[in-house]
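> Here it is, the structure in full.
Residue numbers (our numbering), protein chains in the order written: chain V, 1 to 441; chain S, 442 to 882.
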């Protein structure tokens, strides 16, 4: 047994070496000891050693790893017919209709793409055309994709591309970090910062083409917004002639519970909605949803075509995902299970001095960790993430200081499985950073 | 029968209408009467009426429509395990190694992407970083993808994005359009134009980051280059501190015969190679191949990650495609069949006054059509394309004037099938534009 394990470990080491000399040593791998998964099913991932992990992190397999319905739909269509959309195909139109049915009626047109990056890049391109302006607003800790245009507005990870002269950043307010200020004051300050950024773009001659935001601000650490912030942000952008782009790559397709899309849950009213990660449950598929007027403006003067996007096979994958979310009631489930977990996380927050706040909604949670002085505690977050991985549970961390635990399971997770995640997390927190004697329950 | 046909035609009309109100009326469709394909196999496509077409146009299904080996590989992997590359996976590394084995030894690193657009955008981003410059050279009738960065350098189709201040265009020389000048003169003039474009970028303070070219210049109309042009172009770019990017989206994976990649056939020596269309035979898959030094420079300072790219399923598709090309000897077949077709096209050129030149190599051909005065003849090209579609053969047209017939079948086409294409084409040309009495064979 031990010899077998050693052999498997040696094989992983060799694989890591081969990976380093082909796709390179920079391509990031999760965890101190990289995991080598060979099998997936629902929320479960099995590694090469035969060990099974409960996945409470991955949001691409929204309807479960290796979902059989998605797999069967792709298998059938790819063996039958797959070509670009310059010919008619019923499956493609069916998918477009079924996807658009999850949006409010004024958002009634869709461009298909192959990824969230392509979606955000296209939305910015459309906004430049429609507004006639070039300026962009982005938040001060965000990531919206890997194209050159998106790299020039990336604030949440390292890029060498210079920050664009046509880009201004602003800070998303968080009532959990209000520093004693009241909600109206936080709101006013945050909107004043947006207005200032817009004025700066106008003075520099760029004008405003768009603000690009994730409606739940997940990379930013799932902040708790003051009432009226999103409405105020959208109004300032529209007053300046810009468009509001909701990046639903992380917050979409039922992730936040209650509604299909994050903007519907949080109250942001967008002109363009971009989609990626969960749309094809791992089949490369993204899209941009907008109004007929915006499509008419852009596409009547731009020959936009995307070879792989919205093919019969991509559409088969997308339709199977929509059917799973519908028929298994995953949107409402995310809401119900989310409430249950939030209550548990609130208990942990109340009882554990190093937990500053429980954040998020639906099946997207954050648990903000601090040290004894209340400062961000990325070391503890890292220790907890590694500890849980060693116990067979996958989570991660986010936020400007990497100090917010990120819990974001496939939507097919059950209440019992979520209890295991929270129980293990609670135990890990207590053991990694013991409560003072006499404290807690 | 007639009633059934009418019903099917009415259904297609309804589908077209539904398409127009979802993905929009602008999304281009081929042919005067759009085709509605429901089944594919090898070079054959079958439409909703049950009519079968010989596909001599599509280059995405390089190893044949609905290739069974690719379909089986995707079906097996998607039912087993599919997740991003932040975990180890043997299939991904195997694919990277097998793909890199088709390149010269100094091109030994690969970034996976989801499309040709993502590949070209990433290559430009890398070139900006490595060169420290921002200027770009592009040809005067080209298309390299749909991102905002690529739109700002698009010269071959309509975009509203203003042509970039950091971009200069130059003309690819064509000995078939030398206007009486000799080859050395054509070469000198063409290279002088490149040198001038570089000087202009330098004077404007942009410097040169890259030239981005398709090694066979397919969108430009498959020009016949003067000897030494590609070497001269690369030397000028390198002297200015720029990188050479070979866009293999159209010319790669055996398309040109003789070698795996277009640059290996034409003699262009690139620093970066970008791939798309045929790589996954319709599964969204692209990549950028480069040297270890370039990857080290870019990735050590840029956190580049791409969620869908190079997943276990994408790699399974890519490996199946490589295996098909290898085992069926498609690279050499493209060369052999290409020679045969070129000889036939040369005969057509010799005998038909409205055929100005036969162009291309491997399984990528152009037939340049002119009118009685020798001017480009897009009307005739369109008539021939439509005529062939009505006879059950799919081809298209390209070039700055849309006057070059484009023939670019899946590589699995047979000699007999190619004969049918050329025979039908020859007949169509004679019937559409009869030879003068006494002319021809």
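No residue lacks a Cβ here, since even glycine has one placed at the ideal position from N, Cα and C.
What is the C-beta distance between residue 111 (chain V) and residue 476 (chain S), in whole angstroms, given that I count them as a contact (C-beta under 8 Å)?
Going by Cβ atoms, the distance from residue 111 (chain V) to residue 476 (chain S) rounds to 22 Å, so no, they are not a contact pair.
> With DSSP as the reference, label residue 413 (chain V) as helix, strand or coil.
DSSP places residue 413 (chain V) outside both helix and strand once states are collapsed to three, so it counts as coil.
> Kindly list the residues whose CB is nearer than 6 Å to the CB of residue 558 (chain S), restricted to its own chain and excluding five residues on each side of it in sequence; keep chain order.
586, 587, 588
> Would the beta-carbon of residue 356 (chain V) be found less than 6 Å away from any heavy atom of the ligand GTP?
Judged by which ligands are present, the structure shown has none, so any question about the ligand GTP falls away.
> Over the uninterrupted alpha helix (DSSP H) stretch that includes residue 127 (chain V), give me the two end residues.
116-131
> Tell whether a beta-carbon distance below 7 Å holds between residue 366 (chain V) and residue 253 (chain V).
Between residue 366 (chain V) and residue 253 (chain V), the C-beta gap is not smaller than 7 Å, which leaves the two residues out of contact.
> Can you check whether the C-beta of residue 356 (chain V) is within less than 7 Å of a C-beta belonging to chain S?
no
> List in chain order: all unbroken beta strand (DSSP E) runs of 3+ residues lying wholly within the stretch 336-368 of chain V.
355-361
> With H, G and I counted as helix, E and B as strand and the rest as coil, what does DSSP make of residue 298 (chain V)?
helix
> Flag residue 748 (chain S) as yes if its beta-carbon sits less than 7 Å from any beta-carbon of chain V, otherwise no.
yes
> Whose C-beta lies closer than 6 Å to the C-beta of residue 658 (chain S) among residues of the same chain, with five residues either side of it excluded?
Hits under 6 Å: 613, 664.
> Would you mind listing the alpha helix (DSSP H) stretches within the stretch 597-675 of chain S that are 4+ residues and don't spill past its ends, in chain order?
624-644
> Just list the beta strand (DSSP E) runs in the stretch 674-718 of chain S, keeping only unbroken ones of 3 residues or longer that don't cross its boundaries, in chain order.
684-688, 713-716
> Taking beta-carbon pairs under 8 Å, can you tell me which members of the stretch 111-131 of chain V lie near chain B?
Looking at the structure shown, chain B is missing, and the protein chains on hand are V and S.
> Does the separation of the CB atoms of residue 697 (chain S) and residue 597 (chain S) fall below 7 Å?
no
> Please report the straight-line C-alpha distance between residue 13 (chain V) and residue 430 (chain V), rounded to a whole angstrom.
33 Å
> So for residue 321 (chain V), helix, strand or coil by DSSP?
helix
> List the whole-angstrom C-beta distance separating residue 43 (chain V) from residue 413 (chain V), where the pair is believed to meet the contact cut-off of C-beta under 8 Å.
About 5 Å separates the Cβ atoms of residue 43 (chain V) and residue 413 (chain V), confirming a contact at the 8 Å cut-off.
> Would you call residue 154 (chain V) buried or exposed, if buried means 16 or more other Cβ atoms sit within 10 Å of its Cβ?
Per the 10 Å Cβ criterion, buried.
> Could you tell me the alpha carbon to alpha carbon distance between residue 163 (chain V) and residue 342 (chain V), rounded to whole angstroms?
37 Å
> At least one CB of chain V closer than 7 Å to the CB of residue 500 (chain S): is that the case?
no
> Give me the subset of the stretch 78-91 of chain V whose CB atoms are less than 8 Å from a CB atom of chain S, sorted by chain position.
78, 79, 80, 81, 82, 83, 84, 85, 86, 87, 88, 89, 90
> Please classify residue 445 (chain S) as buried or exposed, where buried requires at least 16 other C-beta atoms within 10 Å of its C-beta.
exposed
> Exposed or buried, residue 882 (chain S), counting other C-beta atoms within 10 Å across all chains shown (16 or more means buried)?
At residue 882 (chain S), the pLDDT of 39 sits below 50, so the modelled position is not reliable; the number obtained from the coordinates is stated separately. With fewer than 16 other Cβ atoms inside 10 Å of its own Cβ, residue 882 (chain S) counts as exposed.
> Are there three or more Cβ pairs, one per stretch, closer than 8 Å when the stretch 369-388 of chain V is compared with the stretch 268-286 of chain V?
At 8 Å Cβ cutoff, the stretches do not touch.
> For residue 330 (chain V), which residues in the same chain have their Cβ closer than 6 Å to its Cβ, ignoring the five residues on either side in sequence?
254, 411
> Would you mind telling me which residues of chain S sit closer than 7 Å to residue 304 (chain V), beta carbon to beta carbon, in chain order?
587
> For a test of the three-state rule: what should DSSP assign to residue 488 (chain S), helix, strand or coil?
DSSP, reduced to helix, strand and coil, places residue 488 (chain S) within a strand of the structure shown.
> Give me the Cβ distance between residue 560 (chain S) and residue 717 (chain S), rounded to the nearest whole Å; I'm assuming they're in contact under 8 Å.
6 Å
> Beta strand (DSSP E) containing residue 287 (chain V): first to last residue?
286-290
> Per DSSP, residue 444 (chain V) is paired with what?
Residue 444 (chain V) falls outside the range modelled here, since chain V spans only 1 to 441, and no answer is possible.
> Kindly say whether residue 26 (chain V), judged by its beta-carbon, lies nearer than 7 Å to any beta-carbon of chain S.
Among the residues facing chain S, residue 26 (chain V) is included, as its CB has a counterpart in that chain under 7 Å away.
> With which residues is residue 39 (chain V) paired in a DSSP beta bridge?
V:46
> Please say whether residue 109 (chain V) and residue 250 (chain V) have beta carbons closer to each other than 7 Å?
no
> For the stretch 122-132 of chain V and the stretch 343-357 of chain V, state whether three or more C-beta atom pairs, one from each stretch, are separated by less than 8 Å.
no
> Does DSSP classify residue 818 (chain S) as helix, strand or coil?
Annotated three-state conformation of residue 818 (chain S) is coil, per DSSP.
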